[in-house]
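Have a look at the structure below, then the notes.
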Amino acid sequence: MNIMPILSALRRHKITSMLLIMEIALTCAIVCNAVFLITLRIERVHTPSGIAEKELTVVRLAAVGESGDEYARVQADMAALRQIAGVEQVASVGQVPFGGSSQNTGIKLDPDQKLPTASTTVYYGENILNTLGLKLVEGRALMPEEVVDLRSVSEALKNNDLKAMPHVAVITKALAQRLWPGGHALGKTFYLSGGAPLQVVGIVEDLVRPRIFEFSEGHFSIMLPIRLPQNYYVLRCAPGDRDRVLSQALKRLKDLNPDRVVLIKQPWETFREHYFEDDRAMAGLLAGVCVALLVVTSLGIVGLGSFWVAQRQRQIGVRRALGATRAQILRYFQVENFLLATMGIALGMVLAYAINLFLMVRYELPHLPGFYLPVGALALWLVGQLAVLGPARRAAAVPPVVATRAT
């Protein structure tokens with residue numbers, strides 16, 4: 013089909029054509045970026061944790077008033093929890109993956125460095141690796157005899173007694189690659205702020221941070237053999253036993269010390285669910301925006317198509333009288349819509365990159381991948397063709413005689 017007559021007709025309707033082109037352009041730009049943001053949110057929600065998620069139950073209590081030697085209480089609590097039938101492993105840990113609260117610090121490869129090489133979270137506690145079900149890829153886990161109390165560490169720091177501090181650590185594979193890219197991390201030494209040199213004795217496949225500030229560093233974690241007075245108790249058991257184990261764990265902990273209140277008692281998946289509820293809500297909101305924009309654009313195309321069909325009754329009738337078939341009339345309106353959509357999409361791609369550049373500068377979002385643009389273009393072409401189909405069919409159905417008599 014010769015498109016010159018179509019372009020000539022569009023020039024006679026510049027304002028309405030430009031309005032539709034701008035509507036399609038804005039829809040293209042917003043939808044491409046919104047779909048990209050939805051993808052990022054979905055990827056974030058499905059961030060791997062590296063732990064045995066379906067086998068873990070978490071309990072946390074707080075003492076009311078004086079509770080004596082808190083470190084001895086932790087040992088008594090863990091001994092009692094190990095005696096529960098079905099419990100495979102028990103850990104005392106200062107924080108849990110996706111728990112929100114995070115102990116973060118910088119890592120240096122040289123104590124005289126001014127800036128840290130990487131930022132990491134530090135998991136303190138006992139028996140963390142085995143209980144969380146972490147996959148050990150190199151080296152070994154932290155040993156029970158290597159665990160020291162936090163109070164001992166605090167005193168060692170005051171006295172500058174580095175020998176009394178922990179000297180071993182287990183780190184994640186992602187952190188190892190960041191600190192020693194292309195090299196072997198096992199046996200290497202690094203430093204935390206004000207601490208003794210720490211030797212890497214084990215590397216685990218993954219362990220996500222309690223709070224992800226930056227996705228690229230979300231898997232930078234280390235484990236140190238330091239016992240805390242206030243901890244989460246993590247119990248590992250078969251998925252079907254978790255409700256029973258949780259009930260018995262609370263009873264045993266209350267029997268040991270009734271002057272405690274329960275702060276947390278839940279399967280670990282609840283942490284993931286609560287942590288990402290804002291991301292799921294944002295993805296749903298953006299999806300709603302995309303649907304609304306596509307619907308509004310479709311209605312605009314339908315309205316404009318119907319308006320042009322009503323205005324072109326005589327033109328359509330003349331073409332029918334001169335031998336134009338219904339298929340040719342239908343194709344005319346579809347090509348006309350395709351040209352308008354193409355102009356809008358071309359402008360929309362430029363706007364999409366402009367919006368993405370603003371988001372990159374203002375909110376530190378990643379660059380919009382190029383494949384989102386053709387996908388957005390195909391979606392808008394499809395929406396445009398479906399939206400114009402109704403008015404085009406009505407135009408093709410106009411009898412020549414009725415059209416030529418129209419005023």
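Be aware that the sequence shown starts at 13, since it is given in the working numbering, and climbs by one per residue. In this text, a Cβ means the ideal position worked out from N, Cα and C, and glycines have one as well. As the structure is a prediction and not an experimental result, all values here were calculated from the model.
Problem set entry | Extent of the continuous beta strand (DSSP E) run through lysine 277 | Translated into positions along the sequence shown, residue 277 becomes position 265. Segment 272-279, the beta strand (DSSP E) holding lysine 277.
Exercise. Anyone know if the C-beta pair for leucine 351 and threonine 39 falls short of 9 Å?
Worked result: Here residue 351 is taken as the residue at index 339 of the sequence shown, counted from 1. Here residue 39 is taken as the residue at index 27 of the sequence shown, counted from 1. No, these two residues do not count as a Cβ contact at 9 Å.
Exercise. Between the beta-carbon of leucine 121 and the beta-carbon of threonine 51, is there less than 9 Å?
Worked result: As a working mapping, residue 121 is identified with position 109 in the sequence shown. As a working mapping, residue 51 is identified with position 39 in the sequence shown. Not in contact: leucine 121 and threonine 51 (Cβ atoms no closer than 9 Å).
Exercise. Is DSSP giving isoleucine 161 helix, strand or coil here?
Worked result: In the sequence shown, residue 161 corresponds to position 149, counting from 1. For the record, residue 161 in the displayed sequence is aspartate; it is not isoleucine. Reduced to three states, the DSSP call for aspartate 161 is strand.
Problem set entry | Three-state secondary structure (DSSP) of serine 12 | Residue 12 cannot be examined here, being either before or after the span of the chain that is shown, 13 to 419.
Problem set entry | For isoleucine 36, three-class secondary structure by DSSP | Counting from 1 along the sequence shown, the entry for residue 36 is found at position 24. Of the three classes helix, strand and coil, the one that applies to isoleucine 36 here is helix, per DSSP.
Problem set entry | Integer-rounded CB distance, given that isoleucine 238 should sit under 8 Å from proline 178 | Mapped onto the sequence shown, residue 178 falls at position 166. Mapped onto the sequence shown, residue 238 falls at position 226. Yes, proline 178 and isoleucine 238 are in contact; Cβ-Cβ is about 6 Å, under 8 Å.
Exercise. Run through DSSP, which three-state label would serine 420 get?
Worked result: Outside the modelled stretch of the chain, which goes from 13 to 419, sits residue 420, for which no answer is possible.
Exercise. Under three-state DSSP, which class holds isoleucine 183?
Worked result: As a first step, residue 183 must be located in the sequence shown, where it is residue number 171. It is a strand residue.
Exercise. Between the C-alpha atoms of valine 362 and valine 47, what's the straight-line distance to the nearest angstrom?
Worked result: As a first step, residue 362 is located in the sequence shown; it is residue number 350 there, counting from the start. As a first step, residue 47 is located in the sequence shown; it is residue number 35 there, counting from the start. It is roughly 16 Å from the alpha-carbon of valine 362 to the alpha-carbon of valine 47.
Problem set entry | valine 257 to alanine 97 span [Cα, whole Å] | Here residue 257 is taken as the residue at index 245 of the sequence shown, counted from 1. Here residue 97 is taken as the residue at index 85 of the sequence shown, counted from 1. Cα-Cα distance, rounded: 8 Å.
For this session: Going by DSSP, name the residue or residues bridged to valine 212.
Result: Counting from 1 along the sequence shown, the entry for residue 212 is found at position 200. Answer is Ala181, bridged to valine 212.
For this session: Mind reading off the beta-carbon distance from glutamate 150 to isoleucine 63? Whole number of angstroms is fine, and I expect it under 8 Å.
Result: Locating residue 150 in the sequence shown gives position 138, where the first residue counts as 1. Locating residue 63 in the sequence shown gives position 51, where the first residue counts as 1. That pair is no contact at about 18 Å.
Problem set entry | Whole-angstrom distance between isoleucine 15 and isoleucine 54, CA atom to CA atom | As a first step, residue 54 must be located in the sequence shown, where it is residue number 42. As a first step, residue 15 must be located in the sequence shown, where it is residue number 3. Going by the C-alpha atoms only, they are around 43 Å apart.
Exercise. When you compare only the Cα positions, how much space is there between leucine 390 and phenylalanine 370?
Worked result: Here residue 390 is taken as the residue at index 378 of the sequence shown, counted from 1. Here residue 370 is taken as the residue at index 358 of the sequence shown, counted from 1. One C-alpha to the other measures close to 25 Å.
Problem set entry | Same chain, Cβ closer than 6 Å to leucine 174, neighbours up to 5 away in sequence not counted | Working through the sequence shown from its first residue, we reach residue 174 at position 162. For leucine 174, where only same-chain residues beyond five positions count, the Cβ hits under 6 Å are Ala208.
Exercise. Does the beta-carbon of threonine 337 have 16 or more other beta-carbons within 10 angstroms, so that it is buried, or is it exposed?
Worked result: The residue you call residue 337 lines up with position 325 of the sequence shown. That one is exposed.
Problem set entry | Whether tyrosine 245 touches leucine 265 by CB criterion (9 Å) | As a position in the sequence shown, residue 245 is number 233, starting the count at 1. As a position in the sequence shown, residue 265 is number 253, starting the count at 1. Yes, the pair counts as a contact, with Cβ atoms nearer than the cut-off.
For this session: Can you have a look at glutamine 101 and say buried or exposed, based on whether 16 or more other CB atoms are within 10 angstroms of its CB?
Result: As a first step, residue 101 must be located in the sequence shown, where it is residue number 89. Result: buried.
Exercise. In terms of alpha-carbon separation, which member of Pro241, Ser166, Ala295, His25 lies closest to alanine 75?
Worked result: Counted from its first residue, the sequence shown places residue 75 at position 63. That would be Pro241, whose Cα lies nearest to the Cα of alanine 75.
Exercise. So is the beta-carbon of arginine 85 under 8 Å away from any non-hydrogen atom of the ligand FAD?
Worked result: In the structure shown, the ligand FAD is absent, as is every other ligand, since no ligand is present at all.
Problem set entry | The alpha helix (DSSP H) enclosing tyrosine 83, as first and last residue numbers | As a first step, residue 83 must be located in the sequence shown, where it is residue number 71. Residues 82-94.
For this session: Check the C-beta distance from alanine 404 over to glutamine 346 and give it rounded, since I have them as a contact under 8 Å.
Result: Translated into the one-based positions of the sequence shown, residue 404 becomes position 392. Translated into the one-based positions of the sequence shown, residue 346 becomes position 334. With 8 Å as the limit, alanine 404 and glutamine 346 qualify as a contact, their Cβ atoms being about 6 Å apart.
For this session: Please work out which residues of its chain come closer than 6 Å, Cβ to Cβ, to alanine 356, disregarding the five sequence neighbours upstream and downstream, and give them in chain order.
Result: Looking up residue 356 in the sequence shown gives position 344. Here residue 356 is glycine; the residue named in the question, alanine, does not match the sequence. Excluding residues within five positions, the ones whose Cβ falls inside 6 Å are Ile33, Ile36, Ala37.
For this session: Check whether the Cβ atoms of valine 134 and threonine 117 sit closer than 9 Å, and answer yes or no.
Result: The sequence position of residue 134 within the sequence shown is 122, counting from 1. The sequence position of residue 117 within the sequence shown is 105, counting from 1. Yes, they are a contact pair.
Exercise. CA-CA distance, alanine 408 and threonine 28?
Worked result: Mapped onto the sequence shown, residue 408 falls at position 396. Mapped onto the sequence shown, residue 28 falls at position 16. Distance between the alpha carbons of alanine 408 and threonine 28: 22 Å.
Exercise. In chain order, what residues of the same chain have a beta carbon less than 7 Å from the beta carbon of arginine 190, not counting five sequence neighbours either side?
Worked result: As a first step, residue 190 is located in the sequence shown; it is residue number 178 there, counting from the start. If we look at arginine 190 and ignore the five residues flanking it on each side, its Cβ neighbours are Ala130, Phe232.
Exercise. Between isoleucine 224 and glycine 111, what straight-line distance do the alpha-carbon atoms span, to the nearest angstrom?
Worked result: If you number the sequence shown from 1, residue 224 lands on position 212. If you number the sequence shown from 1, residue 111 lands on position 99. Between isoleucine 224 and glycine 111, the C-alpha separation is close to 10 Å.
Problem set entry | Contact check, asparagine 431 vs leucine 377, beta carbons under 9 Å | One cannot answer for residue 431 here, as it falls past the ends of the chain, which runs 13 to 419.
For this session: Return the chain-ordered list of same chain residues with a C-beta closer than 8 Å to the C-beta of leucine 219, the five sequence neighbours on each side being excluded.
Result: Counting from 1 along the sequence shown, the entry for residue 219 is found at position 207. The residues are Ser61, Gly62, Ile63, Pro109, Tyr135, Leu144, Leu146, Thr184, His231, Ser233, Met235.
Exercise. Got a sec? Which residues, its chain only, sit under 7 Å from alanine 261 by beta carbon, not counting five neighbours each side?
Worked result: One-based indexing of the sequence shown puts residue 261 at position 249. These residues qualify, in order along the chain: Val71, Leu93, Ile96, Leu247.
For this session: For leucine 73, name the three-state secondary structure that DSSP assigns.
Result: For the purposes of this step, residue 73 is taken as the residue at position 61 of the sequence shown. DSSP places leucine 73 in strand when its eight states are reduced to three.
Exercise. Given alanine 41, which residues of its chain have a CB within under 6 Å of its CB, disregarding the five upstream and five downstream residues?
Worked result: Taking the sequence shown and counting its residues from 1, one reaches residue 41 at position 29. So the qualifying residues of the chain are Gly360, Leu363, Ala364, Ile367.
Exercise. Quick one: Cα of tyrosine 344 to Cα of arginine 284, how far?
Worked result: The sequence position of residue 344 within the sequence shown is 332, counting from 1. The sequence position of residue 284 within the sequence shown is 272, counting from 1. Cα to Cα, tyrosine 344 sits roughly 54 Å from arginine 284.
Exercise. Roughly how many whole angstroms lie between the Cα atoms of leucine 268 and aspartate 89?
Worked result: Here residue 268 refers to the residue found at position 256 when the sequence shown is read from its first residue. Here residue 89 refers to the residue found at position 77 when the sequence shown is read from its first residue. Spanning the two alpha carbons is a distance of roughly 8 Å.
Problem set entry | Beta-carbon spacing of leucine 154, isoleucine 140 below 9 Å | For the purposes of this step, residue 154 is taken as the residue at position 142 of the sequence shown. For the purposes of this step, residue 140 is taken as the residue at position 128 of the sequence shown. Remark: C-beta atoms of leucine 154 and isoleucine 140 approach each other more closely than 9 Å.
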